[in-house]
Structure formats: C-alpha cells, structure tokens
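The structure appears right after this line, and notes come after that.
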Amino acid sequence: MTVQPVLAAALRFITPTLPPIDRVFDDYSSSFSDGLLTNGNVVGRLEAAVAERLGVSHCVAVSSCTSGLMLVLRALGIHGDVILPSFTFFATGHAALWNGLNIVFADCDRNTWTIDPTDVEARINRRTGAILGVHLYGNPASIEALQYIATRHGLKLIFDAAHAFGSSYRGRPLGGFGDAEVFSLSPTKLLVAGEGGLVCTNDATLARLIRAARNYGDTGSYDPELLGLNARMPEFNAALALAGLDLLDDKVKRHNHIAELYTSLLADTPGVEFQNVDIADCSAYKDFSVLISPAQFGRSRDDVAEALLAQGIPTKKYFYPPLHRQKLFASRGVAHDLRNTDSVSERVLSLPIYSSLTDEIVERIALAIRRLGS
-1 MTVQPVLAAA LRFITPTLPP IDRVFDDYSS SFSDGLLTNG NVVGRLEAAV AERLGVSHCV
59 AVSSCTSGLM LVLRALGIHG DVILPSFTFF ATGHAALWNG LNIVFADCDR NTWTIDPTDV
119 EARINRRTGA ILGVHLYGNP ASIEALQYIA TRHGLKLIFD AAHAFGSSYR GRPLGGFGDA
179 EVFSLSPTKL LVAGEGGLVC TNDATLARLI RAARNYGDTG SYDPELLGLN ARMPEFNAAL
239 ALAGLDLLDD KVKRHNHIAE LYTSLLADTP GVEFQNVDIA DCSAYKDFSV LISPAQFGRS
299 RDDVAEALLA QGIPTKKYFY PPLHRQKLFA SRGVAHDLRN TDSVSERVLS LPIYSSLTDE
359 IVERIALAIR RLGS
C-alpha cells in the first residue's frame, strides 16, 4: 500500500532566520565608507555587546569557531594529550591536530550525549594538558564536574560551544566557564555572521594573546609574539551578527518550543529516544536529534532517514561516524571503550529545526516518523 506523503513539497533541513538587510547595512555603512573592512568599529561593537550579554570580561571575534579553538589551544600553551569527545563534529578534533596535540577520546554520557566526566578522569595521565568539552547541540556539558576534575589535576578546560550561543547552565549564560568558550556564527547556528566565531574568556592575558594570534600573532609592533593565523572577522560579518543579537531570545524560545513539540508527539513511539537536558539548564537546540532503536522501532535509523527523504523530509546523522571511526582520527587518536558513543552515533537522527518551521510542519514530520514505526 502506498503511503500518502505528509508534505506537499520538499522541505529544507535548515533555513536561517536573518535580520533585516537594511539594519545590517546601517551597521556596516560607516566601515564601508571608511574603507575599514576588517577588525574595525563594528567588530568592536559586536565584541562589547556579546561580552555584556554573556557576563564575561572579554570577547574576541575571529574568523570561525575552528580558528578560535586552534588559537586558544596555542595561546594557552597546551602540550601533550588533550581529552575530547569522539561524539562531536570533526572541527573539535581538527583544532587539536593542527596544534600537534595527541587526541585521547572520552566516551559520551548515555543520556545527555555530552562528554562523560567519569570517563574523562579515567583517561588523564602525566601527559594530559587539557580537557576540551563540547556543548552538544546546545546542551551544556557537565561543567561543574569537568571544572572540578580540571582543577584537581591542574589542567586547562576549554569548551567547544559552537552550537550553544543562547544556552545557559544553572541559570548562567554559557561563555564564561572554563578557561575559554568558543562559539560558532556559521549559517546553521542561532546567531549568524555568515562565517565567524567568538572566543569568550575571563582571562585578560588569554584575551590579549588571542587578539594578537588572530592577526598572525602581531600586537601592532610588526614583531609577532606567538604563532598565529589570519583569523580576523570582516566588518560585514560582524554587522550581520550584531543585528542578529536582537533576534536571539525569540529564536531560543522558538527552538525550545519545537523541541518540546517533537518530544510530546513522539514520546509514546516505541524505539524513539531523546537527549536529556537537565531541568536547571537551557539548550539552544541548535539541533534536535533522536535515537532510533531498530529492535523496538522496527526499522534502522538509515531506513528511517531514507523513507523520510522520499517524503520530502531531509534529515542528518549528527554525528555519524564518530571521530574515532573516521579515517583522519582513527590513526591519530587514542580510543578505549567508547560503547556509549558507538551506540548513540549508530542510532542518531537529526530532524529539521529552525525558527520559521511551523508547528504544522513539525506535526507532519512527527506523523511521518510514527507511521514508519507502526
């Protein structure tokens, strides 16, 4: 029997909600007129606005989250091993490899899917220099536990907060935890700059070094202090992000509403599991992902993805395969027992979520999933 498609037309997986272009041009026009197109007044205004919003001492705008992570690891002088999750986007691992660091993979928690502090501590040895946690999909990592471990062992703690602008931990905005947190402003994120990243920290020395490192390590004397990159943020990108700050609170609310709607509609579907977000925290839900368990659902994750695509519903597998099973990292990282990571990554399915996605479409996507499992 042919199943009637639930959508009349194919859906996009992501459609960024952007500020009015006139507002962006208003912010950008003075820099354009002055011919100052990089690291000018608008970048400074964005940095100040973000620092105030997040309650951090310093915000440094860079060209991407990846370059921000690379420069933080360099500026902190990390050597030896860095412990990071395998269940993450590969840019997390790229930042470590670019710095010549040895990667030691830690397992994820089976409920939150973020890095497991207990497994992190089990991986620490005399060569360990840092812990690199990830706020997965916007869900805050176990910050207090990781900070306790880092402090006790004298390690640096950095957070890849690429997904998490707008998230909060125990009532505090992410951005001021650990030695530094680094956000992404790419088009799939809630705060969009086109391309760009933000390094947030309460360490004045680190902030000064990052400002130099984004400009080849040069503080202005034409005599570089450290090995840096061209990681400057263009003024136009800063103007786009600055104008987008006004939209952020509504976006976070909308993403949380969509996540709650998906959860309520699929809660009674056998074989569908959800990421746990602590009741004291807020996830920005950059992504909304579920786990499909074939034995209970009746189909594999890949079968579900294929069937949904045939009905015009695109999905992603964020993040499959995990880093320790990717060619680049399999020979460059130390992987022990990562059973939770393997289990979650083999079943994960990311569903469309963005501000302009209507409740009706969310309901239809949930209906399509329920039908597949019936």
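Residues in the sequence shown are numbered from -1 upward in steps of one, following this note's numbering.
Glycine included, every Cβ here is placed at the ideal spot set by N, Cα and C.
Since the structure is predicted, the reported quantities are computational estimates derived from the model, not experimental observations.
Bridge partners - Tyr214, DSSP secondary structure assignment: In the sequence shown, counting from the first residue as 1, residue 214 sits at position 216. None, per the DSSP bridge assignment.
For Pro232 and Phe85, believed in contact at Cβ under 8 Å, the rounded distance: Here residue 85 refers to the residue found at position 87 when the sequence shown is read from its first residue. Here residue 232 refers to the residue found at position 234 when the sequence shown is read from its first residue. Rounded to the nearest angstrom, the Cβ distance from Phe85 to Pro232 is 32 Å, too far for a contact under 8 Å.
Simplified DSSP assignment, three categories, for Tyr26: For the purposes of this step, residue 26 is taken as residue 28 along the sequence shown, with counting starting at 1. In this structure, DSSP gives Tyr26 a helical state, which the three-state scheme calls helix.
Spatial distance of Gly176 from Gly127 (CA atoms): As a working note, residue 176 is residue 178 in the sequence shown. As a working note, residue 127 is residue 129 in the sequence shown. A straight line joining the alpha-carbon of Gly176 with that of Gly127 spans about 14 Å.
Nearest candidate by alpha-carbon position, reference Leu69, set Val54, Ala93, Val80, Asp79: Residue 69 sits at position 71 when you count from the first residue of the sequence shown. Checking every option, the nearest Cα to that of Leu69 belongs to Ala93.
Arg330 versus Phe103, Ile147, Ala73, residue with shortest Cα-Cα distance: Position 332 of the sequence shown, counted from the start, is the residue given in the question as residue 330. Nearest C-alpha to Arg330: Phe103.
Simplified DSSP assignment, three categories, for Asn254: Reading the sequence shown from its first residue, position 256 is the one you call residue 254. Helix.
Close Cβ partners of Arg362 (< 7 Å) along its chain, the five nearest in sequence each way excluded: In the sequence shown, the residue the question calls residue 362 occupies position 364. Scanning its chain for C-beta atoms nearer than 7 Å, with the 5 sequence neighbours on each side dropped, one finds around Arg362 the residues Val4, Leu5, in chain order.
Start and end residues, beta strand (DSSP E) containing Thr126: Indexing the sequence shown from 1 puts residue 126 at position 128. For Thr126, the enclosing beta strand (DSSP E) stretches over residues 126 to 132.
Coil, strand or helix - Ser287 by DSSP: As a position in the sequence shown, residue 287 is number 289, starting the count at 1. It is a strand residue.
Asn123 versus Thr186: straight-line alpha-carbon distance, rounded: Working through the sequence shown from its first residue, we reach residue 123 at position 125. Working through the sequence shown from its first residue, we reach residue 186 at position 188. Cα to Cα, the separation comes out at about 37 Å.
Element boundaries [beta strand (DSSP E), containing Gly195]: Counting from one through the sequence shown, the residue named residue 195 turns up at place 197. Per DSSP, Gly195 belongs to the beta strand (DSSP E) from 195 to 199.
Cα-Cα separation, Arg369 to Ala282: Against the sequence shown, residue 369 aligns to sequence position 371. Against the sequence shown, residue 282 aligns to sequence position 284. Here the alpha carbons of Ala282 and Arg369 stand approximately 29 Å from one another.
4-residue-minimum alpha helix (DSSP H) runs that sit fully inside the segment 88 to 164, ordered along the chain: Here the runs fully enclosed are 88 to 96, 115 to 121, 141 to 151.
Ala229 versus Phe157: straight-line alpha-carbon distance, rounded: Taking the first residue of the sequence shown as position 1, residue 229 is located at position 231. Taking the first residue of the sequence shown as position 1, residue 157 is located at position 159. Rounded to whole angstroms, the gap between the alpha carbons of Ala229 and Phe157 is 19 Å.
Other residues of its chain near Ser354: CB distance less than 8 Å, five sequence neighbours each side excluded: Position 356 of the sequence shown, counted from the first residue, corresponds to residue 354. So the qualifying residues of the chain are Thr13, Thr15.
Residue closest to His161, alpha-carbon to alpha-carbon, out of Leu155, Tyr146, Gly169, Val132: The count along the sequence shown starts at 1 and reaches residue 161 at position 163. Comparing Cα-Cα distances from His161 to each of Leu155, Tyr146, Gly169, Val132, the minimum goes to Val132.
Reduced DSSP category for Ser348 - H, G, I as helix; E, B as strand; rest coil: Taking the first residue of the sequence shown as position 1, residue 348 is located at position 350. Note: Ser348 maps to strand in three-state DSSP.
Pairwise C-alpha distance: Gly195 and Ala257: Position 259 of the sequence shown, counted from the start, is the residue given in the question as residue 257. Position 197 of the sequence shown, counted from the start, is the residue given in the question as residue 195. Roughly 25 Å between the two C-alpha positions.
Selected residue, minimal CA-CA separation from Ala73, among Leu207, Gln145, Glu50: If you number the sequence shown from 1, residue 73 lands on position 75. The shortest C-alpha separation from Ala73 is found at Leu207.
Cβ separation of Leu240 and Ala47, assumed to be a contact under 8 Å, to the nearest whole Å: For the purposes of this step, residue 240 is identified with residue 242 of the sequence shown, where counting begins at 1. For the purposes of this step, residue 47 is identified with residue 49 of the sequence shown, where counting begins at 1. At roughly 6 Å, the Cβ-Cβ gap stays under 8 Å, so Leu240 and Ala47 are in contact.
Extent of the continuous alpha helix (DSSP H) run through Cys63: Translated into the one-based positions of the sequence shown, residue 63 becomes position 65. First-last of the alpha helix (DSSP H) with Cys63: 63 to 73.
8 Å Cβ shell around Pro18 - same chain, five flanking residues per side excluded: Here residue 18 is taken as the residue at index 20 of the sequence shown, counted from 1. Once the five neighbours on either side are set aside, the close Cβ partners of Pro18 are Ala241.
Exposure label - Pro115; buried when at least 16 CB within 10 Å: Translated into the one-based positions of the sequence shown, residue 115 becomes position 117. Counting every other CB atom within 10 Å of its CB across the protein chains shown gives Pro115 a total of 16 or more, marking it as buried.
Rounded straight-line distance, which links the Cα of Cys198 to that of Cys63: On the sequence shown, position 65 is the one that residue 63 refers to. On the sequence shown, position 200 is the one that residue 198 refers to. Cα-Cα distance, rounded: 11 Å.
Distance CB(Thr339)-CB(Asp105) smaller than 8 Å: To locate residue 339, count along the sequence shown from 1; it is residue 341. To locate residue 105, count along the sequence shown from 1; it is residue 107. The answer is yes: Cβ separation under 8 Å.
Classification of Ala139 by the beta-carbon crowding that lies within 10 angstroms, buried from 16 upward: For the purposes of this step, residue 139 is taken as the residue at position 141 of the sequence shown. Under the 10 Å beta carbon count, Ala139 is surrounded by 16 or more other beta carbons and is classified as buried.
One or two residues paired with Asn228 in a DSSP bridge: As a first step, residue 228 is located in the sequence shown; it is residue number 230 there, counting from the start. According to DSSP, residue pairing for Asn228 in a beta bridge involves Asn213.
Anticipated Cβ contact below 8 Å, Gln145 with Leu155, distance rounded: Sequence index remark: in the sequence shown, residue 145 carries index 147 (1-based). Sequence index remark: in the sequence shown, residue 155 carries index 157 (1-based). Indeed, because the Cβ distance is near 6 Å, the residues count as touching under 8 Å.
Exposure label - Ser287; buried when at least 16 CB within 10 Å: Here residue 287 refers to the residue found at position 289 when the sequence shown is read from its first residue. Ser287 is classed as buried because its beta carbon has at least 16 other beta carbons within 10 Å across all chains shown.
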